[in-house]
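Data first, discussion second: the structure below is written as C-alpha cells.
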Amino acid sequence: MRQRQSEIDAWRRRIDQIDTQLMRLLNSRSACAVEVGRIKAELGLPIYMPEREGEILERVMRENPGPLDPLAVRRVFERIIDESRRLERVAAQKSHDVAQEQNQE
Amino acid sequence: MVIVMEQGATEAQVQKVIEALVEAGYDVHRSSGVQHTVLGAVGTPHVVADPRSIEMFPGVREVIKISEPYKLVGRTFKHDDTIVDLGGVLVGGPEVVVMAGPCSVETREQVGAIGQTVSASGARVLRGGAFKPRTSPYSFQGHGETALRWMRETADESGLAVVSEVMDPRQIEMMLRYVDCLQVGARNMQNFDLLKELGRTRKAVLLKRGLSATIEEWLLSAEYILAGGNMQVVLCERGIRTFENATRNTLDLSAIPVVKKRSHLPIVVDPSHGTGRRDKVIPMARAAVAAGADGLLIEVHNDPDHALSDGAQSLFPEQFDTLMGELRVIAPVLGRSLPLARVPAQR
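First to last, the sequence lines map onto chains A and B.
Numbered per our numbering, the first sequence spans residues -2 to 102.
Numbered per our numbering, the second sequence spans residues 156 to 502.
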C-alpha cells in the first residue's frame, strides 16, 4: 500500500517536470505567434487563416504516436491555436496602435 | 455565445463561422467532437454578433446566448444596488419609498389637499399627471406646465419630491424646472428618441414597463438611458397584457425578483393601473412590498368619484393611510422601513 503510494508520487513528480517543459514550449510557440501577428498586421493579412490551422491539425494528428487518440490530439491543439490566435490579435492591435501614434506625431 | 454545428457540417462551414466571429473581434474556442463541433465565442468584440444571424450560417445547428444583451443595467457590470436620488428621497436604499397622488392634476386646491394628506400618511413623493396620454383625443389632456407648478408648490409645502410623466422630448427642458423625477409611461417605453434625450439629462427617470414588453426589452430600454450617461433610473412594474380579463392587466410581481437578480437598478410597483380597481390595489400593494419592491406608485384622490381620469383605481385618503400602516408591518420582515405617519399641519 505504502509502496504503491510512493509510486504515485514518483509519477506525479514526472508529470510536474513534463508540465514545466510543456509550459516553456507553449510559451516559445506563443512568442513565435506574437511575431507572426506583428508581421500580419504590417502586411494587412487576416488573423484567421483556416488553411494554416488545418495544416497544423492534420500534421499533429498524422504524427501522433498515442496513447492519445487523434481526435484528442486535435482538440488539445485546437485550444493551443485558439490562444495563439488571441495572442496574434493582441499583438496586431498593439502594432496597429503604435503605427497610429507615430502617424499622429 | 456558444455555437453548435450540425452533425455533418463541413470544415469549410465551420471555418466560415470562425472567420465571421474573429472578424467581429471575438476570441474563438473550437472543440471538435466525434459528432458535433462546438465553437465558444468569448471576449469583447467591437461588433456584437447577432445570434440569429450566426444561426443563419450554413451548417450551424444552434446558437446559445450566454451573456445578456444589455451591459450597463446588468449586475455583472455593477454588483451593488443603485440608489436613485429623487430630490433628496433615496429609492433603492433601506426605506420603501411610496409615491402617491392623483392620476391627473385637476386644480391647485385638489393637488394641495392630496399632497398634505399623503405626506401626513408617510408618502415621500408626489405623483401626478400634467400631460395625460388618453385613448381618446377628446378626453381631458391635462393642465401642462400649470399643473407642474401646482405640484412643485404643493411638494415644497408638504416636504415631498415630485414625479410626473414626460411624453415628448420637447417637454424635458421645461419639466426639469419643476420635477425631481421624469416618468416614462408604459406606452413610451420603447420611444427610443425620448429615452436617448433622457440619457442626456442627469435627472432621475422612472421607467414604466410596456404593456407587452418582456423584462429583457424593458432592461434594454433602461440601457438607452444609462448609455447616455444618466445612471439614475428607477424601473416600475405596472402590469402586462395577458389572457386574463378579470383585472385590467396582470400585475407581474415575479418581475421584482427577476429584475433584482439581473439588474442593480431599483424597482417600484404601480398597483393602480394594472388592477384598475381600488379594491385590488391594496392587496397588490402589500404583496409588492413583501416581494421586495423598493417602492410603490399609488393613485390617491380626495374625491375619486369625481376624478377627471381613472377615479375607479384611486384610493380614498383614509384607505391610503390604512395601507401605509399595513406596509409598516410588512416592511421590517424584509429588513426595510417606511417613514412614520404624522398629524397633518394645519394650513
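Note that the Cβ used here is the ideal one computed from N, Cα and C, for glycine as well.
Everything numeric in this text was worked out from a predicted model, so none of it was measured.
Item	Value
Proximal chain B residues relative to A/Glu75, where beta-carbon distance stays under 9 Å	His184, Arg185, Ser186 and Ser187
For B/Pro213 and B/Ala179, believed in contact at Cβ under 8 Å, the rounded distance	With a Cβ gap of about 18 Å, B/Ala179 and B/Pro213 do not count as contacting.
Segment limits, beta strand (DSSP E) that includes B/Gln338	Cys336 to Val339
Cβ contact (3+ pairs, closer than 8 Å) linking the segment 255 to 272 of chain B and the segment 450 to 464 of chain B	yes
Other residues of its chain near B/Val193: CB distance less than 6 Å, five sequence neighbours each side excluded	Val159 and Ser186
Simplified DSSP assignment, three categories, for B/Asp407	coil
At least three beta-carbon pairs within less than 8 Å, the segment 339 to 346 of chain B to the segment 362 to 370 of chain B	yes
Those residues which DSSP pairs with B/His298 across a bridge	According to DSSP, B/His298 bridges with nothing at all.
Residues of its chain near B/Met479, where Cβ-Cβ distance is below 8 Å and the 5 sequence neighbours each way are ignored	Val253, Ser276, Gly277, Ala278, Leu493 and Ala496
Sequence-distant residues of its chain with Cβ nearer than 8 Å to B/Ile411 (five each side left out)	Glu392, Ile422, Val424, Ala443, Ala446, Gly447 and Ala448
Proximity to B/Asp236 [Cα-Cα], best of B/Tyr225, B/Gly248, B/Ala175 and B/Ala310	B/Gly248
Those residues which DSSP pairs with B/Val260 across a bridge	Its beta-bridge partners do not exist; DSSP assigns none.
Whole-angstrom distance between B/Val388 and B/Val414, CA atom to CA atom	13 Å
The segment 223 to 243 of chain B in contact with the segment 371 to 391 of chain B per 3-pair CB rule at 8 Å	yes
Alpha carbon of B/Ala175 to alpha carbon of A/Thr17, nearest angstrom	35 Å
Beta-carbon separation (whole angstroms), A/Gly34 vs A/Glu98, contact threshold 8 Å	Not confirmed; about 18 Å, so no contact.
Cβ pair B/Ala316, B/Gly256 closer than 8 Å	no
Residues of its chain near B/Arg491, where Cβ-Cβ distance is below 6 Å and the 5 sequence neighbours each way are ignored	Pro249 and Val251
With 16 other Cβ atoms within 10 Å as the buried cut-off, status of B/Tyr293	exposed
B/Val189 versus A/Val87, A/Ala69 and A/Asp79, residue with shortest Cα-Cα distance	A/Ala69
With 16 other Cβ atoms within 10 Å as the buried cut-off, status of B/Lys287	buried
Collapsed DSSP secondary structure at B/His184 in the structure displayed	strand
Assumed close pair A/Arg82, B/Val177 - CB separation to whole angstroms, cut-off 8 Å	7 Å
The segment 73 to 80 of chain A contacting the segment 38 to 56 of chain A, beta-carbon criterion three pairs below 8 Å	yes
Residue burial classification, A/Cys29 (beta-carbon count within 10 angstroms, cutoff 16)	exposed
Any C-beta of chain A under 8 Å from that of B/Glu174	yes
Those residues which DSSP pairs with B/Ser492 across a bridge	B/Glu250
Inter-residue Cα distance where the pair is B/Asn505 and B/Gly429	This structure cannot settle anything about residue 505 of chain B, because the visible part of chain B is limited to 156 through 502.
As assigned by DSSP and simplified to three states, the class of B/Leu361	strand
Beta-carbon separation (whole angstroms), B/Ile395 vs B/Ser367, contact threshold 8 Å	7 Å
Distance, A/Arg71 Cα to A/Ile125 Cα	With chain A covering only -2 through 102, there is no way to say anything about residue 125 of chain A.
Other residues of its chain near B/Arg441: CB distance less than 8 Å, five sequence neighbours each side excluded	Leu478, Glu481, Leu482 and Ile485
Contact set between B/Gln170 and chain A, taken where Cβ atoms lie within less than 7 Å	Pro47
Beta carbon proximity, A/Leu42 to chain E, threshold 8 Å	In the structure shown, chain E does not exist; the protein chains are A and B.
Per-residue burial, A/Ala96 [other beta carbons within 10 Å of its own, 16 or more giving buried]	exposed
Proximal residues of chain B, C-beta to C-beta of A/Leu68 below 9 Å	Ser187, Gly188 and Val189
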